[in-house]
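Asks:
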Amino acid sequence: MTPIAESQGRELTSSTYLSEIVWSADWDAKIDPCDDADIARMRASARTIEEHLTADKPVYGLTQGFGPLVVFDAESEMEQGSSLISHLGTGQGAPLAPDVSRLILWLRIQNMRKGYSAVTPRFWQILADLWNKGFTPVIPRHGTVSASGDLQPLAHAALAFGGQGRAWRRDGGGRWTTVPAKDALSALGHEPVDWPVREALAFVNGTGASLAQSIVNHQSALRLVQAAAMLTGRLAKLLGANPEHYDAGHGIARGQLGQLTAAEWIRRELPDGQARDPKRPLQEPYSLRCAPQVLGAVLDQLDNVGNVLALEVDGCQDNPITFEGRLLHGGNFHAMPVGLASDQTGLAMHMAVYLAERQLGLLLSPATNGDLPPMLTPRAGRGCGLAGVHISATSFVSRIRQLVYPSSLTTLPTNGWNQDHVPMALNGANSVAEALELGWLVIGSLALGVAQLAVMTGAPPADGGIWAELAGICPPLAEDRPMAGEVRAARDLLHRYATDALANGDAG
């Protein structure tokens, strides 16, 4: 590998870090208890708050009301805590996935131990112990503007800790069901949690929901690029495309790090000594020739997104915060960094998916597939081959374009004069998650095209590995058949191999 290509490995370290964060929130993972340094920071933060209260200085949420009600005095800490999480229990819609909910809690619990939020170690340990035992609230996905943090989703999580709402339960086979949160707590031998206002504020005032979904989306998008590169390499091999298109020299000359990585991923599917088939053009259509440039640009954007999300994981998103003995009222809970990062994930991912759809189109046209039958059907006229697969893939791309419209362009003022600039970060992350589901179906669709191309070009059967498995999933089209299940199976296969490739260090 060239020195420039080696530097790309270092550039993608944020992706590895985020992968480790997701793993840290796995069902079987545990949150370590606070150490002496954690406890010291948390107690120092609490002392700062107490000093302000003793001096009769106003403290948001403790001596004053919430949001536009900050101009009114508040009195009861416990009543304020209950009021905060209760009035925000307005979320709606299908729940976020259990693994996303686990990650949300992990992020908020870890955030609360940093010593900026006046959370007591005793209360922190209650939440950590319940998480370690598997307690996972059901969190509705719609209803937050992500401005004063992801208030509604996090309030529903807090309500579940308090015995209201529902919680996830996983059986021995890994299947998820939901039960009343109070029953889930009882099964763990725990009473519902009472939320003092300090801890309630620290929990709901954060970007945990949009951040968690954005991290999961980022990891999925990175795998999708890996899968698209693998399919591009296989397609180039089967067609006999000009291997010069994927030479590292292009990336070195241009200096774009993502391009170097994408080209390397493509070359791994090409045999040593790959030569252009004389029947193929010197320069392939852009969907093949420019694949390193397109996928590389997507990788670079995902790398930038990963850096932003990694910083958000390590930072504090509370309000107010204590810092070096001072109490600071501000807006760290505003999820604009996450919102813009999520928007960029969607826009970049769409380009990788669109490339895959265009490659499928190239495969199905005799003008570009080497005079093979249209739609790769061996029964042209009587059979339709992959025509239906391509039509659906086109629909998926169109829907993706609707879904990845930047959520940051849909901001609306709310909450009186208080939240007059909001990022809509979770709205965007939810849409990107849905777009990724469709994007992976486009990858599965292209994989079916690659499998049929191998049959029609007479390529020798692959000896084990991904392409042999793909051939088993998608046998030759002797006659037309419904292929929706094969698209999903191919999607799952590519997802598995891309995940393994990245876990083995291909992303640095």
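Quick note on numbering that gives the first Met the number 0: the sequence shown kicks off at 0 and runs consecutively.
Beta carbons are placed, not taken as given, at the ideal position from N, Cα and C, and that holds for glycine.
Compare the Cα-Cα distances from residue 142 to each of 134, 133, 155 and 50 and report the closest residue.
Replies: Here the closest residue by C-alpha is 155.
Asks: Do residue 362 and residue 452 have their C-beta atoms within less than 7 Å of each other?
Replies: A contact, by the Cβ cut-off of 7 Å.
Asks: Ignore the nearest five residues each way along the sequence and tell me which others in residue 419's own chain have a CB closer than 7 Å to its CB.
Replies: Cβ neighbours of residue 419 beyond the five flanking positions: 412.
Asks: Assign residue 282 to one of two classes, buried (16 or more other C-beta atoms within 10 Å of its C-beta) or exposed (fewer than that).
Replies: The residue in question, residue 282, is exposed, as its Cβ has fewer than 16 Cβ neighbours within 10 Å.
Asks: With DSSP collapsed to three states, give me the class of residue 326.
Replies: Of the three classes helix, strand and coil, the one that applies to residue 326 here is strand, per DSSP.
Asks: What first and last residue would you give for the alpha helix (DSSP H) that runs through residue 300?
Replies: Its alpha helix (DSSP H) spans residues 290 to 313.
Asks: Contact between the segment 348 to 357 and the segment 431 to 451: three or more CB pairs below 8 Å?
Replies: With the cut-off at 8 Å, the segment 348 to 357 and the segment 431 to 451 touch.
Asks: For residue 430 and residue 270, what's the separation of their Cα atoms in angstroms?
Replies: Approximately 39 Å, taken between the alpha carbons.
Asks: For the alpha helix (DSSP H) containing residue 224, name the first residue and the last one.
Replies: It spans 207 to 238 - the alpha helix (DSSP H) in which residue 224 sits, taken as one unbroken run.
Asks: Which residues mark the beginning and the end of the alpha helix (DSSP H) in which residue 189 is found?
Replies: No alpha helix (DSSP H) holds residue 189; DSSP gives it neither H nor E.
Asks: Can you tell me which residues form a DSSP beta bridge with residue 418?
Replies: DSSP, once it has assigned bridges, lists 413 as partnering residue 418.
Asks: Quick test of the definition: if touching needs 3 or more C-beta pairs under 8 Å, does the segment 335 to 351 touch the segment 307 to 317?
Replies: The answer is yes - the segment 307 to 317 touches the segment 335 to 351, with three or more Cβ pairs under 8 Å.
Asks: To test your reading of the DSSP string, which unbroken alpha helix (DSSP H) runs of 4 or more residues are found completely within the segment 16 to 104?
Replies: For the segment 16 to 104, whole alpha helix (DSSP H) runs of length 4 or above, ordered along the chain, are 35 to 53 and 76 to 86.
Asks: How do the segment 99 to 107 and the segment 219 to 233 stand: do at least 3 beta-carbon pairs fall below 8 Å, yes or no?
Replies: Cβ pair count under 8 Å is below three, so no.
Asks: From residue 171 to residue 26, what distance separates their C-alpha atoms?
Replies: Roughly 12 Å separates the two Cα atoms.
Asks: With 16 other CB atoms within 10 Å as the buried threshold, where does residue 416 fall?
Replies: Label assigned to residue 416: exposed.
Asks: Looking at the structure shown, is residue 141 part of a helix, part of a strand, or coil, going by DSSP?
Replies: Residue 141 falls in the strand class under three-state DSSP.
Asks: Indicate whether residue 140 and residue 24 have their beta-carbon atoms separated by less than 7 Å.
Replies: Against a cut-off of 7 Å, the Cβ pair of residue 24 and residue 140 comes out as no contact.
Asks: According to the neighbour-count rule (16 or more other Cβ atoms, all chains shown, within 10 Å of its Cβ), is residue 316 buried or exposed?
Replies: The residue in question, residue 316, is buried, as its Cβ has 16 or more Cβ neighbours within 10 Å.
Asks: Name the two residues that bound the continuous beta strand (DSSP E) containing residue 203.
Replies: Element bounds for residue 203: not the beta strand (DSSP E) but the alpha helix (DSSP H), 196 to 203.
Asks: Can you tell me whether residue 397 is buried or exposed, with buried defined as 16 or more other CB within 10 angstroms of its CB?
Replies: By the neighbour-count rule (16 or more Cβ atoms within 10 Å), residue 397 is not buried but exposed.
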